[in-house]
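Novice: Heads up, the sequence shown stops at 659 in our numbering, and the numbers go up one at a time, no gaps. Ideal placement from N, C-alpha and C gives every residue a C-beta, glycine not left out. The structure's right below; bear with me while I get my questions together.
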Amino acid sequence: MERIEKRVLYGTSTNCGQMEDLIAESFMVVHSEPGITVNLTRIPLTPDEQTCRNLQSSFRVKKRITLRIGDVVGIAFGVLLLIIAVDIICTLLTRRKHQHDRGQNADMTNGKDNLGIVVVSFMAQITRPLKILECVNYAYKYGVYGCMFAPTNTALAYTFFVLLLLEFRTKAPGARTIAQFVRSRFGPIAHILTIFVSLMTSVYALMINVSVGSMVMVAASDSVGRTAVVSLSFILVGALLLMTRRKSIDIILCILVPTILFVATFLLSIALKVASFKPLGSIDSFYKLLLCFRNRERGYEKPSITRVYDKVIPNSLIDFVQNIVRVFLDQVIWETSVNLPPNHGIIGLLLAILMAFCIPVAFGIVCGLGFRALESAFFNERLLSESQINSGLMIYAVPLELLDKIGIVLIFLAFLLVLVISCMFAISGASSILYYDVLATYVKPFKKHADSTTCLLCGKRRGHLASQRNICRCRSTLECADCQADTQIKDACRTRPSSTIVYGCRTHGAYRAYTDQMASSVLQIAFTIMAAMIPIVIMFDLTMIVSNIYFGVCTSFIGCLCLCIIWNRLTKIAFLVGYFVNSAITVVLVFVLDNVPGLYGEYSSFVGLSVGILGGFLLPILITLFTTRPLPPEVALSVWISVQEIDNPLVPWPEVFTR
Numbered sequence: 001m002e003r004i005e006k007r008v009l010y011g012t013s014t015n016c017g018q019m020e021d022l023i024a025e026s027f028m029v030v031h032s033e034p035g036i037t038v039n040l041t042r043i044p045l046t047p048d049e050q051t052c053r054n055l056q057s058s059f060r061v062k063k064r065i066t067l068r069i070g071d072v073v074g075i076a077f078g079v080l081l082l083i084i085a086v087d088i089i090c091t092l093l094t095r096r097k098h099q100h101d102r103g104q105n106a107d108m109t110n111g112k113d114n115l116g117i118v119v120v121s122f123m124a125q126i127t128r129p130l131k132i133l134e135c136v137n138y139a140y141k142y143g144v145y146g147c148m149f150a151p152t153n154t155a156l157a158y159t160f161f162v163l164l165l166l167e168f169r170t171k172a173p174g175a176r177t178i179a180q181f182v183r184s185r186f187g188p189i190a191h192i193l194t195i196f197v198s199l200m201t202s203v204y205a206l207m208i209n210v211s212v213g214s215m216v217m218v219a220a221s222d223s224v225g226r227t228a229v230v231s232l233s234f235i236l237v238g239a240l241l242l243m244t245r246r247k248s249i250d251i252i253l254c255i256l257v258p259t260i261l262f263v264a265t266f267l268l269s270i271a272l273k274v275a276s277f278k279p280l281g282s283i284d285s286f287y288k289l290l291l292c293f294r295n296r297e298r299g300y301e302k303p304s305i306t307r308v309y310d311k312v313i314p315n316s317l318i319d320f321v322q323n324i325v326r327v328f329l330d331q332v333i334w335e336t337s338v339n340l341p342p343n344h345g346i347i348g349l350l351l352a353i354l355m356a357f358c359i360p361v362a363f364g365i366v367c368g369l370g371f372r373a374l375e376s377a378f379f380n381e382r383l384l385s386e387s388q389i390n391s392g393l394m395i396y397a398v399p400l401e402l403l404d405k406i407g408i409v410l411i412f413l414a415f416l417l418v419l420v421i422s423c424m425f426a427i428s429g430a431s432s433i434l435y436y437d438v439l440a441t442y443v444k445p446f447k448k449h450a451d452s453t454t455c456l457l458c459g460k461r462r463g464h465l466a467s468q469r470n471i472c473r474c475r476s477t478l479e480c481a482d483c484q485a486d487t488q489i490k491d492a493c494r495t496r497p498s499s500t501i502v503y504g505c506r507t508h509g510a511y512r513a514y515t516d517q518m519a520s521s522v523l524q525i526a527f528t529i530m531a532a533m534i535p536i537v538i539m540f541d542l543t544m545i546v547s548n549i550y551f552g553v554c555t556s557f558i559g560c561l562c563l564c565i566i567w568n569r570l571t572k573i574a575f576l577v578g579y580f581v582n583s584a585i586t587v588v589l590v591f592v593l594d595n596v597p598g599l600y601g602e603y604s605s606f607v608g609l610s611v612g613i614l615g616g617f618l619l620p621i622l623i624t625l626f627t628t629r630p631l632p633p634e635v636a637l638s639v640w641i642s643v644q645e646i647d648n649p650l651v652p653w654p655e656v657f658t659r
């Protein structure tokens with residue numbers, strides 16, 4: 001240590017002619033060596049600061065461990081073996097207990113009657129790599145408040161979705177997709193627009209999940225590239241897609257999702273409750289290290305929930321609007337919600353929201369706030385550069401410090417599972433849209449000129465406009481004796497292709513054969529989508545471009561969709577004109593604001609999203625009010641009656657809800 005002493009004389013005088021006083025003061029210029037902190041102030045340290053200094057002085061070891069290519073392949077191969085083993089066990093148990101499905105659409109009648117499976121299914125769809133990484137980054141950047149607002153925004157978005165889902169299930173209990181609802185109200189043009197928006201949502205979710213998840217996993221290894229990580233992930237995605245066809249996906253999710261929850265809980269417990277893992281290990285030391293954290297932009301700060309920084313509010317609002325857009329237009333969320341039985345479907349979704357809220361918060365506390373405490377323990381030394389933090393390397397720092405290589409393996413495993421599950425659901429959502437709204441509606445319909453007021457099976461009229469002499473009297477497959485016999489024959493011939501089975505029921509046989517033939521194409525559609533997306537996500541990193549295009553085009557559709565479900569006066573012209581005009585205004589406004597010098601990117605994004613979400617409500621409302629008059633009660637009722645006619649001919653929705 002180098003010390004230089006200097007002496008300076010200061011002279012002071014008074015107006016009263018007093019003797020001039022000379023005051024001598026000495027000071028030192030200290031050049032300290034790296035890693036050594038010298039306190040030259042005369043102000044005594046507080047007890048918390050002294051404790052923090054003691055923690056800092058006892059913590060000087062930096063660790064650096066990475067995963068090798070054998071570790072990465074071993075983790076992925078272990079997950080694949082687990083999936084195959086669970087499927088084999090489920091198949092053996094199903095054959096032994098003779099638990100056969102009743103009818104072609106048993107998922108709507110029996111379905112997920114277990115509340116635990118309902119919660120796990122929703123948790124698997126809600127938990128995504130982007131939300132975990134955002135929570136970790138915001139926790140490090142903004143403290144406790146940043147740790148909370150990203151999961152809170154997601155929970156609020158899904159809560160609003162539950163309210164809209166209640167309206168959807170009340171107005172159209174038999175609809176499988178939101179595109180079917182829109183087609184019943186406004187015809188094929190609005191239907192095609194809804195298909196396009198829903199497909200964009202699935203593709204965007206797939207690309208974002210792969211981009212973020214692969215980035216975090218690549219950061220854990222020096223010898224594994226993005227191509228290898230993406231390839232291994234899609235192998236597991238393909239395995240899960242096969243399991244959806246073999247009906248064992250629910251049990252697999254009941255194993256994988258609790259594994260993610262266990263990793264988050266385990267890391268949180270050892271970081272806050274196990275005293276042997278210093279300098280963390282207890283809430284007291286964790287909090288005191290956060291007290292001594294010195295931000296390079298704002299200096300020393302206390303971890304407070306109420307303190308809000310200038311960029312937190314626009315970031316929080318932007319995150320909330322983006323969550324609304326992604327959730328409301330996600331087809332797999334709608335399909336899962338619609339297929340659930342009415343007795344505990346909504347309760348299961350609310351419980352899943354609460355459980356899924358805990359996973360990002362736990363990772364945010366351990367990996368975000370924990371990294372703050374870790375930097376404080378190293379005398380506020382910058383442990384990672386800005387580019388390393390943005391690449392996802394920060395999420396491994398605290399688990400590495402606590403558990404060495406095991407910590408890295410746990411984080412890698414958790415992100416691998418989250419990535420694989422989210423990609424599987426994104427592909428399933430896109431394939432469902434193509435199956436129900438494209439293939440079964442326009443390409444290969446059961447009847448080319450079918451009317452919504454007539455029965456697909458017998459051709460007679462149904463509903464309140466049908467006469468008693470010529471009304472459809474087709475029953476459900478659950479009440480048809482011939483269908484029960486056909487189902488037993490189908491179960492006995494399970495090894496044969498379903499397309500070779502001849503049904504004996506004259507009422508439902510032709511439609512069941514049609515659904516068997518069409519069902520074989522669902523898996524082909526899913527693997528076609530996956531095969532088309534693999535080279536795109538490997539060769540190109542189009543995250544920012546796709547994100548700007550997606551939110552510029554799809555944000556305005558939220559208002560139109562909500563009004564379509566809740567307002568019977570909305571017209572087709574207002575729906576289409578309101579969407580296209582507001583989308584054009586939103587895209588132009590965002591482009592102009594991005595080129596304004598001196599304006600933060602957060603504020604331009606916030607203004608663009610606000611115009612998109614509000615204009616999607618206001619423009620259709622104004623166009624409808626200026627072009628139409630209030631509907632008579634009979635006409636208003638007929639709007640919802642036409643939507644209620646969307647149904648499954650084999651298992652009508654009144655029977656599903658009464659059971």
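Would you mind sorting Asp647 into buried or exposed? The rule is 16 or more other CB atoms within 10 Å of its CB.
Specialist: Burial is judged here by how many other beta carbons sit within 10 angstroms of a residue's own beta carbon; Asp647 has at least 16 and is buried.
Novice: Terminal residues of the continuous alpha helix (DSSP H) containing Lys512?
Specialist: One point to set straight first is that residue 512 is Arg, not Lys, in the sequence displayed. It spans Gly509 to Met539 - the alpha helix (DSSP H) in which Arg512 sits, taken as one unbroken run.
Novice: Just confirm the distance between the C-beta atoms of Leu241 and Phe527, as a whole number of angstroms; I'd bet it's less than 8 Å.
Specialist: 7 Å
Novice: Given this structure, state the Cα-to-Cα distance separating Met661 from Thr227, to the nearest angstrom.
Specialist: Residue 661 lies beyond the stretch modelled for the chain, which goes from 1 to 659, so this question has no answer here.
Novice: Helix, strand or coil, according to DSSP, for Ile471 in the structure here?
Specialist: Under the three-state reduction of DSSP, Ile471 is assigned to strand.
Novice: Tell me whether Ile89 is buried or exposed, calling it buried when 16 or more other Cβ atoms sit within 10 Å of its Cβ.
Specialist: exposed
Novice: Using a 10 Å radius around the Cβ and a threshold of 16 neighbouring Cβ atoms, would you call Arg382 buried or exposed?
Specialist: exposed
Novice: Identify, in the order they occur along the chain, each residue of the same chain with its Cβ nearer than 8 Å to the Cβ of Thr152, setting aside the five sequence neighbours on each side.
Specialist: So the qualifying residues of the chain are Phe357.
Novice: Out of Pro630, Glu335, Ala574 and Pro620, point me to the one whose CA is closest to Ile178's CA.
Specialist: Glu335
Novice: With respect to the alpha helix (DSSP H) encompassing Cys254, which residues constitute its N-terminal and C-terminal limits?
Specialist: Here the alpha helix (DSSP H) through Cys254 covers Ile249 to Leu272.
Novice: Cα separation between Val592 and Ser556?
Specialist: 18 Å
Novice: Below 6 Å CB to CB, which residues in the same chain sit around Cys16 once its five sequence neighbours on both sides are set aside?
Specialist: A caution first: Cys16 carries a pLDDT of 45, below 50, which makes its placement in the model too unreliable to give a value.
Novice: Helix, strand or coil: which one does DSSP assign to Leu660?
Specialist: Any question about residue 660 goes unanswered here, given that the chain covers just 1 to 659.
Novice: With hydrogens ignored, establish whether the beta-carbon of Val120 is closer than 7 Å to any heavy atom of the ligand NAD.
Specialist: Among the components of this structure there are no ligands whatsoever, and the ligand NAD is therefore not found.
Novice: Taking C-beta to C-beta, are Leu199 and Ile549 nearer than 8 Å?
Specialist: No, Cβ-Cβ distance for Leu199 and Ile549 is not below 8 Å.
Novice: With which residues is Ser221 paired in a DSSP beta bridge?
Specialist: Leu67
Novice: Going by the beta-carbon positions, is the gap between Leu576 and Thr507 smaller than 8 Å?
Specialist: no
Novice: Indicate whether the contact test is met: 3 or more Cβ pairs, each with one atom in the region 577 to 585 and one in the region 630 to 646, closer than 8 Å.
Specialist: no
Novice: Where does Tyr442 land, buried or exposed, given buried means 16+ other C-beta within 10 angstroms?
Specialist: exposed
Novice: Residues in its own chain within less than 7 Å of Thr259 by CB, not counting five upstream and five downstream?
Specialist: Within its own chain, the residues whose Cβ lies closer than 7 Å to the Cβ of Thr259, once the five positions on either side in sequence are excluded, are Leu417, listed in chain order.
Novice: Is Lys447 buried or exposed, if buried means 16 or more other CB atoms sit within 10 Å of its CB?
Specialist: exposed
Novice: With a threshold of 8 Å, are at least 3 pairs of Cβ atoms found where one atom belongs to the region 314 to 328 and the other to the region 135 to 152?
Specialist: yes
Novice: Please determine if the region 558 to 570 and the region 261 to 277 are in contact, where contact requires at least 3 C-beta pairs separated by less than 8 Å.
Specialist: no
Novice: By Cβ distance, which residues of its chain are closer than 7 Å to Thr159, with the 5 residues on each side in sequence left out?
Specialist: Ile353
Novice: Output the distance between the C-alpha atoms of Lys572 and Cys254, rounded to the nearest integer angstrom.
Specialist: 43 Å
Novice: Between the C-alpha atoms of Ile411 and Pro360, what's the straight-line distance to the nearest angstrom?
Specialist: If you draw a straight line from the Cα of Ile411 to the Cα of Pro360, it is about 13 Å long.
Novice: Buried or exposed for Gln524, please, with buried defined as at least 16 other CB atoms from any protein chain shown within 10 angstroms of its CB.
Specialist: exposed
Novice: Excluding the five sequence neighbours on either side, which residues of its own chain have a C-beta within less than 6 Å of the C-beta of Gly238, listed in chain order?
Specialist: none
Novice: Just the Cα atoms here: how many angstroms apart are Ile641 and Phe626?
Specialist: 25 Å
Novice: Check Lys171 in the structure and name its three-state DSSP category.
Specialist: helix
Novice: Answer with buried or exposed for Gly225, where buried requires no fewer than 16 other C-beta atoms within 10 angstroms of its C-beta.
Specialist: exposed
Novice: Give the single residue among Glu401, Leu351, Phe363 and Gly392 whose Cα lies nearest to the Cα of Leu374.
Specialist: Glu401
Novice: Flag this pair as touching only if the region 380 to 400 and the region 203 to 217 have three or more C-beta atom pairs under 8 Å; answer yes or no.
Specialist: Using a Cβ-Cβ distance cut-off of 8 Å, the region 380 to 400 and the region 203 to 217 are in contact, since at least three pairs of beta carbons, one from each stretch, lie closer than that value.
Novice: Identify whether Ser604 lies in helix, strand or coil by the three-state DSSP scheme.
Specialist: helix
Novice: Flag this pair as yes or no: are the beta carbons of Cys505 and Val136 separated by less than 8 Å?
Specialist: no
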